[in-house]
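So the structure is just underneath, and the comments pick up after that.
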Amino acid sequence: MTDRKRIDRVLVVGEIALTLVTMAVAVGFLRLFTSGAFLGDLTVVVIAAHLSAAVMRRRGWAVWWSVPLQLGLGVLVASWVYLGDTLWFGLPTATTWAEASDALAIAFEPFKKLIAPVPLTLGFELTMAIVVWVLAAFGDAAAFRGRAPFQAIVPHAGVVFATSIFARGTGSIGAASLFAAAVVFHISCQRALTASERRWVQDERERGPIWSMWIGAAVAATVGLLATVAGPQIPGAESSALVDLRAIGRGPGPVEVGNPLVGVSNLLGPQSDQVVFTVSSPAPHYWRLTSLEEFDGADDQWKTNRSYQEADSNELLEQTRPPGVSFEEETAEFRLADLGGVWLPTAFEPVAVDADIEVRHDPDSSSLIAGGRRSLPDADYRVTAQIPDVDAESFFDDAGTRTAQIDSVYLDLPDVGPSVPNLSEQIVASADARTMYEQAQALQGYFRGFTYRDDVDYSDEPEPIEAFLSAREGFCQQFASVFALMARSLGIPSRVAVGFTYGDLEPVPADEDGSATTIEGPDSDGPGSDGSASDEAEMQYVVRGRNAHAWPEVFIPGTGWLAFEPTPSRGNPDAAPYTGVAMDQQEGGAGETTATTTTTALGAPGTTLPTSGELRTDEDLPRGASAADSDTTSAADRVPAVAGILIALAVAGVIARCTVALVRRRRRRGRRDTPAHRVRAAWVETCDWLEMLSVRPSVAETPTEFAVRAEKRCRVTGLAELAQLETMRIYSSAEVDPADADTAEQVAASLRTVVADRVDRRRRVLNAIGWASRN
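Per our numbering, residue 527 is the first one in the sequence shown, and the count goes up by one each step.
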């Protein structure tokens, strides 16, 4: 194989390696969106970008006009891929520009409220296409024209870093491993390309560079594997960042709260009479904090992973309830006292909030949090909720629609043993329950025959679920958790809600400002714990730590999420019309008399927080509930900012490349303190100037051979004399005569003058900073 063919083969692999680096960036974008449908089209853009750059470079087109031409081609490719129906004979039209502009505006208009992962839109796809095309154009020019492999991927690393900030840890290990492996392979191929141009022993001329690439590929694969497997095991890998970039200039630091887990095996914590909040409401409700959708069979815990968006005061919140469901709208005023955590209690389902503090909302779980805080302050806020108005006659035969309109996460069922599905089938079969509603009712009725006890502990049991079902006694966590698992085994979407029962109805203290609303509860002669109140008295629901509670919710197609109450001696006021269970939170019931239930998962005063994890909100949210930025930067300001970041990264890469080139050139020329050093510097400087005429020495040429070839090609004289002096310097044992050094410098100066007359100023500047075209 000739040297040229060997170099070309290594060059192709190097081009593929750089393409893989850009693809790693593109794959990293998966962390930002709820759908990965964009990856196919984006792959086409990446390949087209690198292919066009390679073609222009190989044809010897100058960088000054090939790069702008390539960027223009990028506009065409993006139009063909994403806006094909707006083109005229393959060319963009005014409609193309208008549609692209509208798509970008639609994508970035709500940018300050978007938290990754976000829905995929055309505007975001166009943005990603622009980013990868610019990365490809700059990377190819830097790596293959400027021979700066590290500087070529500086912008790539910047985009990966920015993606990590916005993605907030989601898929961070996999993305970092893929990018690291691609970078290692790219650097290895660049070194192999350099090695292919050097002098090798005859037998190793071909194998040397090839083995360099194979070794680089093996190292890249090893790096990726180690990063994926060992990365999470490194001490501190899962800890908070030393510097939270999201929190700079935004007040308080990261918010950390106990994860609101509901575990089958947790022991009920000490109960508390401490008041956590009060509510002025026209009717009693279960005051809901959030819902948990993921069950971890390893520790028998329910967990949540949600993203919270900024909720503007008095603006309608996004809803999940299907249209056509009747409801009653109520407004309640909450006064927090000692709640802890960041979740805001509300009735289900909140549709509007009015608060002096920053509030954020997750429509999937229908929950609210206080943004930018480590814990809730003593604050007041008002929430309007739509209370579902359904009864047993509202449901239809839903047997054929069990998975419609719902995320599969609500049907995920880990390995919980055969007892759960087997018992579920027996329960619904004995009740002849066919529809989702009938089956949920059958499960509820089964558990209502259990005994409520708050002193049970299944944490030491090898199978806590089976122990609970066998003992037929427990507290709200066991009832809610096992009910939800059984529902999922029947194909019914379910989750576990955490919050509080309605509390005790008491008069507003005389020293309060009287802002509480007048409660018109069920007819009664006076206030009581059943939720009734006299018509004229100013009353409020006082919720204490002992009112903490957990209950299951199931999704009924056509109706939405509905609460059920399997815990004996408890009854949800809003669920009574369709469950047949009267509102209740009192002692007694279908088992031993005991105090009001609580849960170890809520962080309420007097309860025991689990130690199995943390859920972070606001500025530091790698996997848990996340919140939108609280700044007011407009979309119009953000687009130039993103463009400025990319330009700054490109400029940084150019500056770094120039600095490295100048340092290398100075080192190559070396010192001039001896005659021998002066001859060497003259020869190196002459070769640098001849390179501007596209003449450079081959690794296999002696100085004399190169001089003969260069004098013929460039029509210059004196180079042979300089080559002879350089050859004597290399091989002669005698000291170089100072007169010979003077002659070498004179020849170099004359040749420099000749070359300078033939080369324009722009090319001389590019050569001086090491950016002259090499193809």
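Note that the Cβ used here is the ideal one computed from N, Cα and C, for glycine as well. Everything numeric in this text was worked out from a predicted model, so none of it was measured.
DSSP three-state assignment for residue i, whether helix, strand or coil
i	result
residue 1231	helix
residue 832	coil
residue 773	Caution applies to residue 773, whose pLDDT of 36 falls short of 50 and renders its modelled position unreliable; the model cannot decide the point.
residue 535	helix
residue 806	strand
residue 1107	coil
residue 822	strand
residue 885	strand
residue 853	strand
residue 1218	coil
residue 914	strand
residue 1241	coil
residue 545	helix
residue 1135	Note that residue 1135 scores a pLDDT of 29, beneath 50, so its modelled location is shaky and nothing firm can be said.
residue 1122	Residue confidence is low: residue 1122 scores 31 on pLDDT, short of 50, so the model does not pin down where it sits. No coordinate-derived value is stated.
residue 908	strand
residue 876	strand
residue 845	coil
residue 859	strand
residue 576	helix
residue 1173	helix
residue 1256	helix
residue 555	helix
residue 893	strand
residue 1198	coil
residue 482	The chain is shown only over 527 to 1301; residue 482 falls outside these bounds and no answer can be derived.
residue 934	helix
residue 813	strand
residue 762	Residue placement at residue 762 cannot be trusted, given a pLDDT of 42 that sits under 50; what the coordinates show is reported in the next sentence. DSSP places residue 762 in coil when its eight states are reduced to three.
Beta-carbon separation (whole angstroms), residue i vs residue j, contact threshold 8 Å
i	j	result
residue 711	residue 644	Rounded, the Cβ-Cβ distance is 31 Å, inconsistent with contact.
residue 1019	residue 921	Not a contact, Cβ separation roughly 15 Å.
residue 883	residue 905	5 Å
residue 1071	residue 802	6 Å
residue 1266	residue 1245	Between residue 1245 and residue 1266 the Cβ distance is about 15 Å, and since that is not below 8 Å, they are no contact.
residue 959	residue 1023	Not quite, the Cβ-Cβ distance comes to about 22 Å (not below 8 Å), so this is no contact.
residue 605	residue 622	6 Å
residue 834	residue 887	6 Å
residue 552	residue 658	6 Å
Residue(s) in a DSSP beta bridge with residue i
i	result
residue 871	None; residue 871 has no bridge partner.
residue 1088	1080
residue 801	1070
residue 592	Paired residue(s): none; residue 592 is not in a bridge.
residue 582	Residue 582 is not bridged to any residue.
residue 1203	Residue 1203 is not bridged to any residue.
residue 1097	1110
residue 1075	1025
Which ranges would you report for the alpha helix (DSSP H) in the segment 624-703 if only whole runs of at least 4 residues count? DSSP runs (the alpha helix (DSSP H)) wholly in the segment 624-703: 648-666, 675-678, 680-693.
Mind listing, in chain order, the continuous alpha helix (DSSP H) runs of no fewer than 4 residues lying wholly within the segment 1264-1289? Counting only runs of 4 or more residues that sit fully inside the segment 1264-1289, the alpha helix (DSSP H) segments are 1264-1284, in chain order.
Check whether the segment 813-830 touches the segment 844-852, taking contact to mean three or more Cβ pairs, one atom from each stretch, closer than 8 Å. Short answer: they don't touch.
Please specify which runs of the alpha helix (DSSP H), each continuous and at least 4 residues long, are wholly inside the segment 946-1034, giving them in chain order. DSSP runs (the alpha helix (DSSP H)) wholly in the segment 946-1034: 962-973, 990-997, 1002-1015.
Flag this pair as touching only if the segment 624-636 and the segment 645-657 have three or more C-beta atom pairs under 8 Å; answer yes or no. The answer is yes - the segment 645-657 touches the segment 624-636, with three or more Cβ pairs under 8 Å.
Okay, do the segment 971-991 and the segment 1083-1093 touch, 3+ Cβ pairs below 8 Å being the bar? Between the segment 971-991 and the segment 1083-1093 there are three or more C-beta pairs closer than 8 Å, enough to call the two in contact.
Determine contact between the segment 871-890 and the segment 802-817, defined as no fewer than three beta-carbon pairs at a distance below 8 Å. Using a Cβ-Cβ distance cut-off of 8 Å, the segment 871-890 and the segment 802-817 are in contact, since at least three pairs of beta carbons, one from each stretch, lie closer than that value.
Assess, as a yes-or-no matter, whether the segment 583-598 is touched by the segment 661-670 under the definition of 3 or more beta carbon pairs within less than 8 Å. These segments touch.
Inter-stretch contact at 8 Å, needing at least 3 Cβ pairs: the segment 604-618 / the segment 676-688: With the cut-off at 8 Å, the segment 604-618 and the segment 676-688 do not touch.
Contact between the segment 936-944 and the segment 959-973 is defined here as three or more beta-carbon pairs at a separation below 8 Å; is this criterion met? The segment 936-944 makes no contact with the segment 959-973; the number of CB pairs closer than 8 Å stays below 3.
Quick test of the definition: if touching needs 3 or more C-beta pairs under 8 Å, does the segment 1209-1227 touch the segment 1273-1287? The segment 1209-1227, when compared against the segment 1273-1287, does touch it at the 8 Å Cβ threshold.
Whether or not the segment 1026-1035 and the segment 996-1003 are in contact is what I'm after, with contact meaning three or more pairs of Cβ atoms, one per stretch, closer than 8 Å; do they touch? The answer is no - the segment 1026-1035 does not touch the segment 996-1003, with fewer than three Cβ pairs under 8 Å.
contact_flag[the segment 861-868, the segment 911-920] where n(CB pairs < 8 Å) is 3 or more: In short, these stretches do not touch, since the Cβ pair count stays below three.
For the structure I just gave you, are there three or more beta carbon pairs, one from the segment 1197-1204 and one from the segment 1255-1263, closer than 8 Å? Flag = yes, the segment 1197-1204 and the segment 1255-1263 touch.
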